[in-house]
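Engineer: The structure follows.
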Amino acid sequence: MYALYEDAGKFHAGRVMSEADSSLQIELDSGKRVKVKAANVLLKFEKPQPAELITEAQALARDIDLDLAWEFAPEQEFGFADLARDYFDARASLTHQAAALFRLFEAPHYFRRLGKGQFKKAPEETVKAALLGIERKKQQLAQIDAWAAELAAGSCPAPVREHLYKILFRPDKNGPEYKAVVEAAKRAQKPPLDLLTAAGAIDSPYQFHWKRFLFEHFPKGTGFPALTAPAIKETLPLAAVQAFSIDDSQTTEIDDALSVRGLGTGTVVFGVHIAAPGLAIAPDSPVDKAARERYSTVYMPGHKLTMLPDEVVQTYTLMAGRECPAVSLYVTLDEATLAITGSETRIDRVPIAANLRHDQLDGVITEASLNGEAPADYAFAAELAFAHRLARHLKAAREVVRGKPENFNRPDYNFRLEGKVADEPRGDERVVISTRARGSALDLIVAEAMILANSTWGGWIAELGVPGIYRSQFSMAPGVKVRMGTKPAPHAGMGVAQYTWATSPLRRYVDLVNQWQIIACARQGRTAALVAPFRHKDTALFAIISGFDAAYSAYNGFQSAIERYWTLKHLAQEQISELDAAVMKDGLVRADTLPLVFRALGAESLPRNARVRVRITGSDLLTLDLHANVIARIDDPATPADDAPELDDPADGSADSAGPLTLAIDMQDAALDGAAAAVAETS
Numbered sequence: 002m003y004a005l006y007e008d009a010g011k012f013h014a015g016r017v018m019s020e021a022d023s024s025l026q027i028e029l030d031s032g033k034r035v036k037v038k039a040a041n042v043l044l045k046f047e048k049p050q051p052a053e054l055i056t057e058a059q060a061l062a063r064d065i066d067l068d069l070a071w072e073f074a075p076e077q078e079f080g081f082a083d084l085a086r087d088y089f090d091a092r093a094s095l096t097h098q099a100a101a102l103f104r105l106f107e108a109p110h111y112f113r114r115l116g117k118g119q120f121k122k123a124p125e126e127t128v129k130a131a132l133l134g135i136e137r138k139k140q141q142l143a144q145i146d147a148w149a150a151e152l153a154a155g156s157c158p159a160p161v162r163e164h165l166y167k168i169l170f171r172p173d174k175n176g177p178e179y180k181a182v183v184e185a186a187k188r189a190q191k192p193p194l195d196l197l198t199a200a201g202a203i204d205s206p207y208q209f210h211w212k213r214f215l216f217e218h219f220p221k222g223t224g225f226p227a228l229t230a231p232a233i234k235e236t237l238p239l240a241a242v243q244a245f246s247i248d249d250s251q252t253t254e255i256d257d258a259l260s261v262r263g264l265g266t267g268t269v270v271f272g273v274h275i276a277a278p279g280l281a282i283a284p285d286s287p288v289d290k291a292a293r294e295r296y297s298t299v300y301m302p303g304h305k306l307t308m309l310p311d312e313v314v315q316t317y318t319l320m321a322g323r324e325c326p327a328v329s330l331y332v333t334l335d336e337a338t339l340a341i342t343g344s345e346t347r348i349d350r351v352p353i354a355a356n357l358r359h360d361q362l363d364g365v366i367t368e369a370s371l372n373g374e375a376p377a378d379y380a381f382a383a384e385l386a387f388a389h390r391l392a393r394h395l396k397a398a399r400e401v402v403r404g405k406p407e408n409f410n411r412p413d414y415n416f417r418l419e420g421k422v423a424d425e426p427r428g429d430e431r432v433v434i435s436t437r438a439r440g441s442a443l444d445l446i447v448a449e450a451m452i453l454a455n456s457t458w459g460g461w462i463a464e465l466g467v468p469g470i471y472r473s474q475f476s477m478a479p480g481v482k483v484r485m486g487t488k489p490a491p492h493a494g495m496g497v498a499q500y501t502w503a504t505s506p507l508r509r510y511v512d513l514v515n516q517w518q519i520i521a522c523a524r525q526g527r528t529a530a531l532v533a534p535f536r537h538k539d540t541a542l543f544a545i546i547s548g549f550d551a552a553y554s555a556y557n558g559f560q561s562a563i564e565r566y567w568t569l570k571h572l573a574q575e576q577i578s579e580l581d582a583a584v585m586k587d588g589l590v591r592a593d594t595l596p597l598v599f600r601a602l603g604a605e606s607l608p609r610n611a612r613v614r615v616r617i618t619g620s621d622l623l624t625l626d627l628h629a630n631v632i633a634r635i636d637d638p639a640t641p642a643d644d645a646p647e648l649d650d651p652a653d654g655s656a657d658s659a660g661p662l663t664l665a666i667d668m669q670d671a672a673l674d675g676a677a678a679a680v681a682e683t684s
């Protein structure tokens, strides 16, 4: 005797070897013996052979019209043999019964399975809906097949192009566009990125990097909602100063300015004046929400995405010729010794006499002119000379705390795009990469002024019991990175007891948050903790820190990538085939004259800081890979100094460096990283 049974949704048949009340021992055609529950056995028969029955029943099942079977089926529960007798004839054979079983089982949209060979037909509405779904799936499969064929043939369907970045970086694996790309990649035997590139889905390498960044971080677009800059309503006293800012010509978000009073009197008041959007923008207001959504201005060669709309920025920026509301730190010093004898924070209106520009004055305002060794034929010569003397004094004091001097042994790089006709670069412009030595006189003045303000304010609000957002580094040892928190702590790399970011409120959200806290302290003094927008252990502060860290790191990473794109573009544009470089580690080398770190074959066995010449063998603007190999060592291998640890290397991970992003923000609010002495805490 034979038996037909169901196991895990599949039907099998074999010879019954033994039978008990609850189970049977069945031998399959393969010789395998299985134990089957009696409840799973649906038919017992003497003939035909099991394999013959299944083959004939499966062929017959395909001819059963499901619509007709559904019409014949009774409304109440029924068995497959009952349907076979209604559909075929009253004496339905074993093969007819098995065919009905197979057909019913594979059509759950028509018939619900109740177990033990029992079924119940589905309601008409369910059947219609299921049939529509099946038809849609067939059409989708056909569409996937058609799109895959187009892609494999080198053409990109519009829906795939539209969802390109979602397919590549945040795929819905059930989506037809994703399935089409996967299928096409199999057919063409190409990686998906190569396939899509060949099919013309990617307009250009630059657009690929730009649109990927927008997809991941600006999915709703880069525009702002309709916003109006709230007015500063309170009447502020006019400061008795003539302030000046120091920025690059491209800077529109002028956050800070300086002033010097009392020269020649023995007591000098040095002023650091910060734009005061915090006087008008309230927490959780529409403008605040827009700023918090971005957390920071995004910088890149030839373009930027500001944290705030330009019309809002222009309301509060420290523009020359205006009396601008500001949060001002006035530091009183002995003119001869530069000893600090007091400091005061005021909210006032500051006359901005000039916006000085780095790119126009770096060659004019030099250490020699500031020290009296060369003519100083420029505005604010005496004030800048004092500010430079103070900056050198402050830097030397910090170096004592740090335990070692700061080193600037690599230049900064500036990118200028020629031929740019729109707000956003196309990616095919001519790029000019120029260098600017770190630690120039104007850089030093601004850097030390911002460090002074940020460290002073950090200690002051803590003394008044008001929390802020601090940056700290407990050691300059390799691997000890800068952390953000709500309590003051030393910043070893900078050599200060505590450090906030509060001097760039127009372009960095944590600075705006800290400015609110500073304003509360300036207005309320010892009772500021009761009225400050954020209190100790405020979860909102921790959320801001977390969100800012994530956004700032992402923006920094994007700028690093897009600057690498333009550097590789420069290599091809200038037909540069060889570069001199210094060996770093793990086969990486750093180019001498370009902002470029890359892997060079042959560098793996060379000591750190060995000097080499490399030949460029290729590059890929899409993956940002550079292919190169060492062709010669150009230093003396016998010189011990060649194997010394490399200084000023933020890539070691121990530097408090914000990377290319911070270097692009005009060197403002400079702070120097712990292990590498790179200008890093800039804004």
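Read in my numbering, the sequence shown has 344 at position 343, and its numbers run on one by one without any break.
C-beta: ideal position from N, C-alpha, C; glycine also.
Quick caveat, the model's predicted, so the values are computed rather than measured.
How would you call Asp256, buried or exposed, if buried means at least 16 neighbouring beta carbons within 10 angstroms?
Structural biologist: Buried, because 16 or more other Cβ atoms sit within 10 Å of the Cβ of Asp256.
Engineer: On the three-state DSSP scale, how would you describe Thr316?
Structural biologist: Note: Thr316 maps to helix in three-state DSSP.
Engineer: Pick helix, strand or coil for Lys488, following the three-state DSSP scheme.
Structural biologist: Lys488: coil per DSSP, three-state reduction.
Engineer: Is there contact here, the region 462 to 471 with the region 496 to 508, by at least three beta-carbon pairs under 8 angstroms?
Structural biologist: Segments in contact, yes.
Engineer: Determine the closest residue to Gly343 out of Gly480, Leu453, Ile247, Leu237, with distance taken between C-alpha atoms.
Structural biologist: Here the closest residue by C-alpha is Leu453.
Engineer: Could you tell me how far apart the beta carbons of Tyr88 and Ala70 are, in whole angstroms, since I believe they sit closer than 8 angstroms?
Structural biologist: At roughly 6 angstroms, the Cβ-Cβ gap stays under 8 angstroms, so Tyr88 and Ala70 are in contact.
Engineer: Could you check the C-alpha separation between Thr504 and Ile233 for me, to the nearest Å?
Structural biologist: Their backbone Cα atoms lie some 19 angstroms apart in a straight line.
Engineer: Based on Cα-Cα distance, which residue from Glu575, Lys570, Gly466 lies nearest to Leu625?
Structural biologist: Comparing Cα positions, the closest option is Lys570.
Engineer: Less than 7 angstroms separating the beta-carbons of Gly459 and Met477?
Structural biologist: No, these two residues do not count as a Cβ contact at 7 angstroms.
Engineer: Considering Cα atoms alone, identify which of Leu443, Ala544, Val532, Ile462 is closest to Met485.
Structural biologist: Selected option, being the one with the closest Cα: Ala544.
Engineer: List the endpoints of the continuous alpha helix (DSSP H) containing Arg323.
Structural biologist: Where Arg323 is concerned, there is no enclosing alpha helix (DSSP H), given that its DSSP letter is neither H nor E.
Engineer: Where does the unbroken alpha helix (DSSP H) through Val161 begin, and where does it stop?
Structural biologist: Taken as a continuous stretch (DSSP letters only), the alpha helix (DSSP H) holding Val161 covers 159 to 163.
Engineer: Tell me where the alpha helix (DSSP H) around Arg137 begins and ends.
Structural biologist: That run of the alpha helix (DSSP H) goes 125 to 153.
Engineer: Cβ atoms of Arg591 and Val714: under 7 angstroms apart, would you say?
Structural biologist: Residue 714 is absent from the model: the chain starts at 2 and stops at 684.
Engineer: So, helix, strand or coil for Val590, using DSSP?
Structural biologist: Looking at Val590 - three-state DSSP - the assignment turns out to be strand.
Engineer: Taking buried to mean at least 16 other C-beta atoms within 10 Å of its own C-beta, is Asp68 buried or exposed?
Structural biologist: Under this definition Asp68 is an exposed residue.
Engineer: From Glu28 to Arg16, what does the alpha carbon distance come to, in whole angstroms?
Structural biologist: Distance between the alpha carbons of Glu28 and Arg16: 5 angstroms.
Engineer: Assign Arg34 to one of three DSSP states: helix, strand, or coil.
Structural biologist: It is a strand residue.
Engineer: Leaving out five residues on either side along the sequence, give the residues of the same chain with a beta carbon under 6 angstroms from the beta carbon of Gly619.
Structural biologist: Closer than 6 angstroms at Cβ, skipping near neighbours: His628.
Engineer: Alpha carbon to alpha carbon, how far is Met308 from Pro661? Give it in angstroms, no decimals.
Structural biologist: Summary for Pro661: the model assigns pLDDT 31, below 50, so the residue's position carries little reliability; its value from the coordinates is reported in the next sentence. Each residue's alpha carbon lies about 18 angstroms from the other.
Engineer: For chain B, check one thing: does any of its Cβ atoms lie closer than 7 angstroms to the Cβ of Asp204?
Structural biologist: Looking at the structure shown, chain B is missing, and only one protein chain is on hand.
Engineer: Can you check whether the CB of Ala463 is closer than 7 angstroms to the CB of Thr346?
Structural biologist: Their beta carbons are not under 7 angstroms apart, which means Thr346 does not touch Ala463 by this criterion.
Engineer: Per DSSP, Lys11 is paired with what?
Structural biologist: Note: Lys11 sits in a beta bridge opposite Asp8.
Engineer: Identify every residue that forms a DSSP beta bridge with Val598.
Structural biologist: Arg591.
Engineer: Would you decide whether Gly654 is buried or exposed? Buried here means 16 or more other CB atoms lie within 10 Å of its CB.
Structural biologist: Reliability fails at Gly654, whose pLDDT of 28 lies under 50, so the model's placement of it is uncertain and the value that follows must be treated cautiously. Label assigned to Gly654: exposed.
Engineer: Counting pairs of beta carbons, one from the region 207 to 218 and one from the region 421 to 430, are three or more of them closer than 8 angstroms?
Structural biologist: Contact holds: three or more Cβ-Cβ distances are below 8 angstroms.
Engineer: Got a sec, what are the start and stop residues for the alpha helix (DSSP H) Pro206 sits in?
Structural biologist: Looking at the DSSP string, the run of the alpha helix (DSSP H) that includes Pro206 is 206 to 218.
Engineer: Specify the secondary structure class of His274 as computed by DSSP and reduced to three states.
Structural biologist: In this structure, His274 counts as strand in the three-state DSSP scheme.
Engineer: If I measure Cβ to Cβ from Phe559 and keep anything under 6 angstroms in the same chain, skipping five residues before and after, which residues do I get?
Structural biologist: If we look at Phe559 and ignore the five residues flanking it on each side, its Cβ neighbours are Phe214.
Engineer: How is the alpha helix (DSSP H) around Val402 delimited, first residue to last?
Structural biologist: Where Val402 is concerned, the enclosing alpha helix (DSSP H) stretches over 382 to 403.
Engineer: Could you tell me the alpha carbon to alpha carbon distance between Gly279 and Thr540, rounded to whole angstroms?
Structural biologist: Cα-Cα distance, rounded: 20 angstroms.
Engineer: Nearest-angstrom Cα distance between Phe549 and Cys325?
Structural biologist: Computed Cα separation, rounded: 28 angstroms.
Engineer: Counting C-beta neighbours from all protein chains within 10 Å, is the total for Ile65 16 or more, i.e. buried, or is it exposed?
Structural biologist: The residue in question, Ile65, is buried, as its Cβ has 16 or more Cβ neighbours within 10 Å.
Engineer: Classify Asn415 as helix, strand or coil using the three-state DSSP reduction.
Structural biologist: In this structure, Asn415 counts as strand in the three-state DSSP scheme.
Engineer: Can you give the beta carbon distance from Tyr6 to Asn41, rounded, assuming they're within the 8 angstroms contact cut?
Structural biologist: Between Asn41 and Tyr6 the Cβ distance is about 5 angstroms, and since that is below 8 angstroms, they are a contact.
Engineer: Please list the terminal residues of the continuous alpha helix (DSSP H) segment that includes Val288.
Structural biologist: 287 to 295 is the extent of the alpha helix (DSSP H) around Val288.
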